[in-house]
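Residue numbers (the numbering used here), protein chains in the order written: chain A, 1 to 184; chain B, 185 to 928.
Virtual Cβ for every residue (Gly too), placed ideally from N, Cα, C.
Shown next, in the form of structure tokens:
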């Protein structure tokens, strides 16, 4: 019974985590796009503020995976906007205990970068440059397009025991709102 | 509610049962998948969240079901519905029996689970891993320090080289110290020269933190990863400034580690990381397993509770139905058929109940049919009885009147058909004149005579009444198995009187005829004897002749009078009845006798409010003449003739009559003949014909009255009493109107 009560209170504590952690999360400061080298490429400044719980998990060897999703939608007057492109850039963030550093890996390219400080790795993560979204031939000048970008922590990539907690705890709610910009 | 209306309820219950079983199976499968996913995330890990939500919703559905059942049970308990207490007890018992073992199992499982997870983490293993990591760090640090010295030496060498010689010499310098990459950059991070045997197109630039450290004058050495190796040694040192013309520069180098060291370090780091991760997830694992265990516990308890509610309801339903059925039967509704729950004992009980109600219903229908038949028979009998001219009365052995028909009322002169349930004694106490009838009935009851027939004479307001009663013992099993008597009676007064009168009249008529015929020749013969022989006879013979013929002539006259009297008696009654004031009649008769005999004293006590009677005035006057004459003759031997005549109105229990008492102070009548004084030829007078009182009786009875004689109890002499039915005022007025109408 004691164990049952302990579990009950633990779940209750997770559910009622302080509202202060709500200030933490992912926010997008700036996004711009341009056509370069035959592709529509996107630059973005994303700010990652990880909560203590997430940092603690990271420092204990939990790998964090962030997905940066870009969608390009064609604006239509009387119908739903049409999604013409959808691209995802994924990064993993690990703590390396032997070197006491943080390693960022681009999941698609396999590129690795190590940083002595967590802030540097997060700055690296937040600095998106020349992210090719789709072929410029798919863009038509006489049509209007809107771009949408968001970044989120992929809960399903966390270890399974951690997933229920990450699903219900606000301190693990790492997802930015959609950032919208107009494509001329 | 019958069997048809209970069918949808059963179907609903079956649907709930099927849905409950489906929910149970799905939740069970979901819990199995969750448990599997927790141990083997690769198989069902991605469905974990969905399973968790599904289980939570399933539990919520179970809670709602239990709450609905609980609420229904509370309502049933408050309403004290049959079966509710049994349901409560069954649910409580099931709940305790299922919950307590589950909680015990849960407690021990949780403890074992926690202990099991904790046992994975051995402090010695953790210490060994920490030591391995530390050893790796020390080993690498040794190597790093060496590399830093080499880098510092190269930096000193470069500081002496002219700037233009650096790109030329840098490859040789890199090869000399065995570095993979050697880069010279300005403090602002601009590349000056670089040499590398790596595949990277662009040499890695030191991070800002390293640059900042160098700007502070501190050299840097650390581990970093490259495409070839997870562990490369990165050094960065400030190149000494020997001339102020030369800008501050930084020498950055990448040194490889031995392949073996690299492999071991990678393994140690990976294992340490895994252990750290597992250690960090220990609490989460505990929470995860405990959550699933808790879900299983809640699922089991709620399922058991719901199943207990369902089972209890199923168990109590036949009892509830039986209670409803019993209530319906108590209220007289036998049409209810209960649904048979199965082939068990309860099913047998319910089937027996259905059979019982069916038989009772059939019996009730038969009883109702018999009752209707009996009532029809009763109505038929009543109709027959009411149309019978004979009175029919049923009296039980306690003399309670059970039945009496309408003719009984007419014959007895009372509404005896409305007095059923009353005792004959009570009725006789009200109507005294019925006493002879009661005596007759009681007599035959006491004697246990099954069949009897007897003539009963009553003296009611309508006068003397002769009833021919016949009784039969009747078995009445519905009234305490008692024996009752059915008494059939007819008013034969008129028949008897008619027969009697006819007989006497016939006899009188024949007598008169037979006697009257020879009288005239006798008288004529006697007169001719006198006329022819009296004058010619000797005086002595003539005297005898005269005396004898006179005697003959006188006796013939007497006989003629007697014959006339007989003729009067044989006379048929007059049909011309009218309203008569008896006081007036009495007064006229008394006045006549007062004129004839002045020595006579007649005392009159005439009631002033005497009702009228209906009858033949001349014949009533003859009655008074005869009675007054008898009274005078009875007192002729006394010193003074004294007669007392009294008229009176008597009302007894609704019967109204006029009574006339004619009392003399004579010698009275002996008891032997007083009862036969009104029969013809019964007389106490030496010269009487014996028809005077017979004529009186005949006339009075013709008028529906009654007459009798009694000796005066307080004085000498006898008293003749006449009772004639009185015509009351309302009826008097009607009669007056009738009489006037006839006169007009």
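Three-state secondary structure assigned by DSSP to residue i
| i | result |
| --- | --- |
| residue 440 of chain B | strand |
| residue 788 of chain B | strand |
| residue 342 of chain B | helix |
| residue 365 of chain B | strand |
| residue 778 of chain B | helix |
| residue 667 of chain B | strand |
| residue 874 of chain B | coil |
| residue 674 of chain B | strand |
| residue 144 of chain A | coil |
| residue 835 of chain B | strand |
| residue 333 of chain B | helix |
| residue 320 of chain B | helix |
| residue 598 of chain B | coil |
| residue 763 of chain B | strand |
| residue 829 of chain B | strand |
| residue 611 of chain B | helix |
| residue 22 of chain A | Low confidence applies to residue 22 of chain A: its pLDDT is 42, below 50, so where it sits in the model is not reliable, and the reading given next is rough at best. Note: residue 22 of chain A maps to helix in three-state DSSP. |
Exposure of residue i, with buried meaning 16 or more beta-carbon neighbours within 10 Å
| i | result |
| --- | --- |
| residue 799 of chain B | buried |
| residue 514 of chain B | exposed |
| residue 169 of chain A | buried |
| residue 145 of chain B | For chain B, the structure presents residues 185 to 928; residue 145 of chain B sits outside this window and is missing. |
| residue 199 of chain B | exposed |
| residue 520 of chain B | buried |
| residue 164 of chain A | buried |
| residue 422 of chain B | buried |
| residue 246 of chain B | buried |
| residue 592 of chain B | buried |
| residue 328 of chain B | buried |
| residue 311 of chain B | exposed |
| residue 585 of chain B | buried |
| residue 48 of chain A | buried |
| residue 296 of chain B | exposed |
Any non-hydrogen atom of the ligand NAD within 8 Å of residue i CB
| i | result |
| --- | --- |
| residue 850 of chain B | Because no ligand of any kind appears in the structure shown, any question about the ligand NAD cannot be addressed here. |
Residue i - containing alpha helix (DSSP H), residue span
| i | result |
| --- | --- |
| residue 304 of chain B | 268-304 |
| residue 815 of chain B | 801-818 |
| residue 57 of chain A | 52-59 |
| residue 43 of chain A | Not the alpha helix (DSSP H): residue 43 of chain A falls in the beta strand (DSSP E), residues 39-49. |
| residue 621 of chain B | 619-630 |
| residue 895 of chain B | From DSSP, residue 895 of chain B is part of no alpha helix (DSSP H) but of the beta strand (DSSP E) over 890-895. |
Residue i: first and last residue of the uninterrupted beta strand (DSSP E) it sits in
| i | result |
| --- | --- |
| residue 909 of chain B | 902-911 |
| residue 560 of chain B | Run containing residue 560 of chain B: none in the beta strand (DSSP E); it sits in the alpha helix (DSSP H), 529-571. |
| residue 846 of chain B | 839-848 |
| residue 28 of chain A | 25-36 |
| residue 635 of chain B | 635-644 |
| residue 585 of chain B | 585-588 |
| residue 163 of chain A | Run containing residue 163 of chain A: none in the beta strand (DSSP E); it sits in the alpha helix (DSSP H), 163-168. |
| residue 576 of chain B | 575-579 |
Candidates the options, of which the one nearest residue i by Cα
| i | options | result |
| --- | --- | --- |
| residue 478 of chain B | B:309, B:292, B:333 | B:292 |
| residue 239 of chain B | B:626, B:475, B:742 | B:475 |
| residue 614 of chain B | B:600, B:354, B:625, B:627 | B:600 |
| residue 415 of chain B | B:324, B:462, B:356 | B:324 |
| residue 843 of chain B | B:497, B:643, B:595, B:450 | B:643 |
| residue 153 of chain A | A:133, A:36, A:124, A:63 | A:63 |
| residue 233 of chain B | A:162, A:178, A:179 | A:162 |
| residue 369 of chain B | B:621, B:361, B:387 | B:387 |
| residue 656 of chain B | B:631, B:896, B:778 | B:631 |
| residue 590 of chain B | B:907, B:749, B:672 | B:672 |
| residue 678 of chain B | B:906, B:552, B:651, B:690 | B:651 |
| residue 129 of chain A | A:24, A:34, A:100, A:25 | A:34 |
| residue 363 of chain B | B:378, B:609, B:372 | B:378 |
| residue 389 of chain B | B:436, B:316, B:636 | B:436 |
| residue 25 of chain A | A:181, A:160, A:157, A:150 | A:150 |
| residue 692 of chain B | B:747, B:735, B:733 | B:747 |
Inside the segment 443-522 of chain B only - beta strand (DSSP E) runs reaching at least 3 residues: none
Every unbroken alpha helix (DSSP H) inside the segment 57-138 of chain A [4 residues or more]: The alpha helix (DSSP H) runs of length 4 or more contained entirely in the segment 57-138 of chain A are, from start to end of the chain, 118-126.
Threshold first: 4 residues or longer. Then list the alpha helix (DSSP H) segments lying entirely within the segment 371-441 of chain B, N to C. 392-399
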